[in-house]
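Peer 1: Okay, here's the structure, questions in a sec.
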Amino acid sequence: MNGADPHLVPDPDSVAIEDYDLSDPNLFQQDAHWGYFERLRREDPMHYCRESRFGPYWSVTKFKDILYVDRHHELFSSKGGITLGAPVTVPKEKLMNTPMFIAMDPPRHDVQRAAVQPVVEPRNLKALEGTIRERAGRILDSLPENETFNWVDLVSIELTTQMLATLFDFPFEERRKLTRWSDVATGAPRTGVVDSHEQRVEELHECLAYFTRLWNERVNEPPSNDLISMLAHGEDTRNMKPMEFLGNLLLLIVGGNDTTRNSISGGVLALNLFPEEYDKLRAKPELIPNMTSEIIRWQTPLAYMARTARKDTELGGKRIAAGDKVLMWYVSGNRDEEVIENPDAFLIDRSNARHHLSFGFGIHRCMGNRLAEMQLRVLWEEIVKRFHFIEVVGEPVRTLSAFVKGYTALPVRVHRLRGV
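FYI, the numbering used here numbers position 414 of the sequence shown as 423, with every residue one higher than the one before it.
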């Protein structure tokens, strides 16, 4: 299952279940992971992978078990990292240690998160909604007609990167640097993002240098509502070491970029795969807020989050040893038939659509979840004012990653409403 050739992903029933390794990014790029997770939920919901490029790890695939791990940070620590990390064959001197608050436990996690939490408080979100609506409208009005274009680039990336630039008060004309740094932060070598660990380290140091300059400007100015100023003036963050500053920057960039942009693309794809839902949307645009939650569940823009067992414990009838790596596969939990009725379907009027795992639970629940929902809602409110149909006209190109579940290309054509 770890073959470099993406054409070699086998049928899940042809592989012994004890040999499953879900860290293979080819599974996700080919959209071939669904059968593997379905079989694990049915036959081995707490699965132990003995050998992978990243070492051994547990896969938690059922909704309720994932919820248990996420909510019990006293048993499952984030301190060992929220991803599988680099392959065990990569020398430690080639890696960057970038602490970030999502990969910390209380109390350190709590005070660092609190420093930036105000940026997504209800009052600030209300102030941002008008800006998002104006920008979404401008982006949609500029889309080419009667020709195929890449929705990911012209809409998904552009809207989310503009929002990130606002949250950081980042130079607007250079906002695509944020997109690049987000891709580099989550991209492994030879996945089309960077060619080597050395290149990745070099580009992330460029990110640090750029933001250090912004930090030095903001720290000498009165406090303001942008994320850099909040970190620079926060009592518990103003003395961060450079690598910790970089780690928290990357967390905020990836959290504000990858997740929303891939949900924006995923929503267009879902409505094309389920055309009766697109008809329903045209008839009842008031369903957009509920559809937003269903998009985020159906897409699940981050496939998993990792934890490390603090002590020997038991889950799903399996003994997990202290120090074991445990992966909560949100992408699997969001399709758990025991919790979500007809989970593979995309239903914009699904009842209790917000009951999904995509944002996590407990102390590490996604800080920007309301902002992500608002961006999606506003975008679709503006879409239905302008377009009868956003037509997917080719196969999506999916990200080569077992962590970021997204798209690099989605070829579409837009069909405007008459008179618009």
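Glycine included, every Cβ here is placed at the ideal spot set by N, Cα and C.
Sorted by chain position, which residues of the same chain lie with C-beta nearer than 8 Å to Val393's C-beta, five sequence neighbours on each side aside?
Peer 2: Leu290, Arg291, Pro294, Ile297, listed in sequence order.
Peer 1: Can you check whether the C-beta of Thr157 is within less than 9 Å of a C-beta belonging to chain B?
Peer 2: The question asks about chain B, but that chain is absent: this structure has only one protein chain.
Peer 1: Between the Cα of Leu84 and the Cα atoms of Arg407, Glu347, Glu323, which residue gives the shortest distance?
Peer 2: Residue Glu323 is the option with its Cα nearest to Leu84.
Peer 1: Considering only C-alpha positions, which residue in the set Leu31, Ser86, Pro19, Thr70 is nearest to Ala330?
Peer 2: Taking only the C-alpha atoms, the option nearest Ala330 is Ser86.
Peer 1: Short of 8 Å in beta carbon distance, which residues of its chain neighbour Trp338, apart from the five on each side in sequence? Order them along the chain.
Peer 2: Result list for Trp338: Leu31, Phe46, Ser68, Val69, Thr70, Ile75, Ala312, Tyr313, in chain order.
Peer 1: Express the C-alpha separation of Pro19 and Val401 in angstroms, rounding to a whole number.
Peer 2: When rounded, the distance between both Cα atoms is 27 Å.
Peer 1: Using the Cβ count rule (16 or more neighbours within 10 Å means buried), how would you classify Glu286?
Peer 2: Per the 10 Å Cβ criterion, buried.
Peer 1: Mind checking which residues open and close the alpha helix (DSSP H) that includes Leu76?
Peer 2: Unbroken alpha helix (DSSP H) run through Leu76: 72-80.
Peer 1: Around the C-beta of Lys284, are 16 or more other C-beta atoms found within 10 angstroms, so that it is buried, or is it exposed?
Peer 2: It is worth fixing the name first, because residue 284 is Pro in this sequence and not Lys. Burial call: exposed.
Peer 1: Just tell me which of Gly326, Asp353, Gly371, Gly332 has its CA closest to the CA of Ser341.
Peer 2: Here the closest residue by C-alpha is Asp353.
Peer 1: Can you check whether the CB of Thr301 is closer than 9 Å to the CB of Leu385?
Peer 2: Yes, Cβ-Cβ distance for Leu385 and Thr301 is below 9 Å.
Peer 1: Report the option in Trp160, Ala95, His206 whose CA atom is closest to the CA atom of Gly415.
Peer 2: Among Trp160, Ala95, His206, the Cα nearest to that of Gly415 is on Trp160.
Peer 1: Measure the C-alpha to C-alpha separation of Asn35 and Gly264 and round it to an integer number of angstroms.
Peer 2: The alpha-carbon atoms of Asn35 and Gly264 are separated by roughly 23 Å.
Peer 1: Taking Cβ to Cβ, would you say Ile166 is nearer than 9 Å to Thr188?
Peer 2: Contact flag set, yes.
Peer 1: Out of curiosity, what's the CA-to-CA distance linking Lys73 and Tyr219?
Peer 2: Taking the straight line joining both Cα atoms gives about 42 Å.
Peer 1: So, under 8 Å CB-CB, Ser274 and Leu419 are touching, yes? Tell me the CB distance rounded to an integer number of Å.
Peer 2: Right, their Cβ atoms sit about 5 Å apart.
Peer 1: With the cut-off set at 9 Å, would you say Ala411 and Leu93 are in Cβ contact?
Peer 2: Yes.
Peer 1: Taking the alpha-carbon positions, what's the Leu409 to Leu356 distance?
Peer 2: Cα to Cα, the separation comes out at about 27 Å.
Peer 1: Sorted by chain position, which residues of the same chain lie with C-beta nearer than 7 Å to His424's C-beta, five sequence neighbours on each side aside?
Peer 2: Within the same chain, His424 has close Cβ partners Phe396, His397, Phe398, Glu400.
Peer 1: Where does Phe63 sit, in a helix, a strand or coil, going by DSSP?
Peer 2: Correct three-state label for Phe63: coil.
Peer 1: So, helix, strand or coil for Ser302, using DSSP?
Peer 2: If DSSP states are grouped into helix, strand and coil, Ser302 belongs with the helices.
Peer 1: Return the first residue and the last residue of the beta strand (DSSP E) that Pro420 is part of.
Peer 2: Element bounds for Pro420: 420-425.
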